[in-house]
Amino acid sequence: MTTPRPVLLAIMDGWGLAPAGPGNGVSLANTPNVDHWMATCPTTQLHASGLDVGLPEGQIGNSEVGHLNIGAGLVVYQDSTRISESIKAGEFFENPAFLEAVQLVKERGTNMHLIGLIGRGGVHAYDIHLAALLQLMAQQGVSNTYIHAFMDGRDTLPQSGLGYMRELQQTIAQIGVGQVASVIGRYFAMDRDKRWERVGAAYAAMVEGVGHFASDPISAIEQSYLRDARGDEFIEATVITDAAGVALPRISAGDVVICFNFRADRVRQITRALMQPDVNTMVQEWYANQAEQGLQLPTSIWQRPEQLANLHYVTMTQYDATFPYAIAYPPHYITEPLAKVIADAGKRQYHSAETEKYPHVTFFLNGRREEPFEGEDRVMAASPKVATYDLQPEMSAEEVAAKLFDAVNSQVYDFFVVNFANPDMVGHTGVIPAVIKACETVDRCLGQVVPAVVAQGGAAILIADHGNAEQMIDPQTGGPHTAHTTNLVPCILVADPASGLTREHISLRTGGRLADLAPTIIDLLGLAKPEAMTGTTLIEPK
């Protein structure tokens, strides 16, 4: 095998694999170029969803995660999956941040408080993570553990919280540790729009014991449904009392708090309300700014009473880079992404997409790095200004392809990556004729740029980051299907016959995943794969 130059990675965003049928926008399209390459070149199918891309098992892939895995050359576990997998492995129960929190509670003789969203919505928190924390407290003998439950109803059904609370109560009974001390909807506790009066209501319940009162969390939810049928999201602050009508322990000075939400954006404000010394100044400045803009202010502006002394706070993940609090699962930094390996070798590279997918071929592909590497050029075409992309399924693919074609013919670059957004963005509309046109547009564009790469003695890898366009009809309802899928995605290697990268000389192994693409590209470029990349090349000589 000779080293091809240049190498092109063409990402057909949302172009999954599925049996032909009336809802398969890919198979319905006239795609002579891709069809020819599929029939004559080395091909395989890649896993692009679930655990193979660091998501929970069975979860659909997405463009952010897909490009992150492609560029990292390893499976980048998302925070939720990292935590869940660590529970299975037992590492969760040895986490230094948790063990330090336990030790402090014991030394101080104070209380442990667990705050966060309950249920199985899976977007901000998972019930199994809370259950594992309760198991940890039981193992460590921390019986004085209190839960401040934020109710969902947004990523779950509006009144599903009652069932989730019953499940939590059963879990508590089985483990033998924990009491629910307060209940409140995420509309209040998880506000992210600087509506400090909402967060203030959650603070008042957890710290001051102010709100409605109920003898148990089940009653608290049932009473709330009678007050407001909108359900869990809007449950007003409710303090739980013991049999004597006395409120269960509130968050107090010297206590320890673990916030078990893994997603950061909706727990930053409650974290600031509990912990940030200058939060009152921040709130005042925010509302002063609102007043200057002539916006309506709430009837009363929340201000925190005196800050609780010696409150120890643990965040499940990094909520904000400026927060000085203990983090159970710090960010996973990608130290050797594909673009860096290419740059360190002194090679030139070209990253291109239209607006919709530009962050994906730059920030996400480069391991969440904003700045380009040395020798990396970035080119973006503006996505069309239309209400929905079924109105213009060609999007800006032709412009992307034209610029890429010129860049290939300049013979300046060693590596190209391009994203064609059409199958995914048009696929989200569910309009099958438009999806067909989107796929045909991408095929036509590839028919322009791939031969240009091959003509220079180069090689092109055609892939997708996840499925979408291949399933436009919901099999359950018969209506439009507009979401991503868990289907496998294509991987096609098109190369100059003289390179030895044809079907006669090599094959692409089965069972691969997106994390194997960076090692494959590094293999093609004749570079050394860094130790940080745990993916392996897809190329198998015959």
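First residue of the sequence shown? That's 1 in full-length UniProt numbering, and the numbers climb one at a time after it. C-beta: ideal position from N, C-alpha, C; glycine also.
Considering just the uninterrupted stretch of the alpha helix (DSSP H) at residue i, what are its terminal residues?
i, result
"Ile334", "From DSSP, Ile334 is part of no alpha helix (DSSP H); its letter is neither H nor E."
"Leu136", "127-139"
"Thr81", "79-89"
"residue 581", "The requested residue 581 is not part of the displayed model; the chain covers only 1 to 542."
"Gln59", "Neither: Gln59 is in no alpha helix (DSSP H) and is coded neither H nor E."
"Pro433", "432-455"
"Asn24", "Element bounds for Asn24: n/a, residue is neither H nor E."
Name the DSSP beta bridge partners of residue i, please?
i, result
"Phe364", "In the DSSP output, where bridge partners are listed per residue, Phe364 has none listed."
"Ser182", "His148, Val239"
"Gly467", "Gly14, Thr485"
"Asn419", "Ile11"
"Cys259", "Ile115, Thr315"
"Tyr350", "Asp377, Phe416"
"Thr44", "Cys491"
"Pro480", "Ile473"
"Arg154", "In DSSP, Arg154 forms no bridge with anything."
"Arg513", "His47"
"Leu68", "Answer is none; Leu68 lacks a bridge partner."
The beta strand (DSSP E) that contains residue i, what's its start and end?
i, result
"Asn95", "That residue, Asn95, is in no beta strand (DSSP E); it is neither H nor E in DSSP."
"Glu222", "Run containing Glu222: none in the beta strand (DSSP E); it sits in the alpha helix (DSSP H), 217-227."
"Arg378", "376-381"
"Pro541", "539-541"
"Gly506", "The question names Gly, yet the displayed sequence has Ile at residue 506. 506-508 is the extent of the beta strand (DSSP E) around Ile506."
Within 10 angstroms of the Cβ of residue i, are there 16 or more other Cβ atoms? Answer buried if so, exposed if not.
i, result
"Lys347", "buried"
"Gly176", "exposed"
"Tyr333", "exposed"
"His36", "exposed"
"Gln349", "buried"
"Ser352", "buried"
"Ser215", "exposed"
"Arg503", "exposed"
"Asn289", "exposed"
"Asn422", "buried"
"Ser396", "buried"
"Gln59", "buried"
"Thr520", "buried"
"Leu311", "buried"
"Asp414", "buried"
"Thr322", "exposed"
"Leu226", "exposed"
"Val105", "buried"
"Asp193", "exposed"
"Ala201", "buried"
"Ala382", "exposed"
"Glu531", "exposed"
With distances taken Cα to Cα, identify the nearest neighbour of residue i among the options.
i, options, result
"Glu376", "Tyr164, Ser80, Ala345, Ala89", "Ala345"
"Pro393", "Val412, Thr362, Leu404, Val442", "Val442"
"Arg108", "Thr241, Met151, Gly90, Asn144", "Asn144"
"Gln276", "Glu57, Asp320, Leu338", "Asp320"
"Pro372", "Pro384, Tyr358, Ala382", "Tyr358"
"Glu100", "Lys403, Ile327, Arg263", "Ile327"
"His124", "Pro96, Thr81, Lys106, Met137", "Thr81"
"Gly121", "Gln174, Phe92, Asp155", "Asp155"
"Cys491", "Ser507, Asn366, Gln456", "Ser507"
"Ile70", "Leu9, Ala18, Phe262", "Leu9"
"Met316", "Gly116, Ala18, Leu68", "Gly116"
"Asp232", "Gly161, Ala438, Phe188, Leu168", "Gly161"
"Ala149", "Tyr164, Val408, Arg192", "Tyr164"
"Gly447", "Pro19, Asn30, Gly14, Gly16", "Asn30"
"Ala244", "Val453, Ser396, Thr171, Phe213", "Phe213"
"Asn33", "Arg444, Ile461, Val199", "Arg444"
"Lys340", "Leu365, Tyr329, Glu356", "Leu365"
"Thr534", "Leu527, Leu134, Cys41, Asp516", "Asp516"
"Met472", "Met425, Ala452, Glu540, Val494", "Met425"
"Ala528", "Asp52, Pro451, Ala343", "Ala343"
"Ser182", "Ile83, Ile128, Ile221, Val361", "Ile221"
"Thr388", "Gly500, Thr482, Ser27", "Thr482"
"Glu356", "Val386, Glu374, Thr335", "Val386"
"Asn62", "Ile11, Asn95, Ile87", "Ile11"
"Thr171", "Ile118, Val207, Val210, Leu525", "Ile118"
"Ser431", "Arg230, Val279, Asp474", "A quick correction: the sequence has Val, not Ser, at residue 431. It is Asp474 whose Cα lies nearest to the Cα of Val431."
On the premise that residue j lies in contact with residue i, defined as a C-beta separation below 8 Å, what is that separation, rounded to the nearest angstrom?
i, j, result
"Gln318", "Pro331", "5 Å"
"Ile301", "Val283", "7 Å"
"Asn111", "Asp242", "Not a contact, Cβ separation roughly 14 Å."
"Thr238", "Ser224", "7 Å"
"Gly427", "Val435", "5 Å"
"Leu488", "Leu46", "6 Å"
"Ala72", "Ala518", "7 Å"
"Phe420", "Asp152", "Actually they are not in contact, since the Cβ atoms of Phe420 and Asp152 sit about 36 Å apart, beyond 8 Å."
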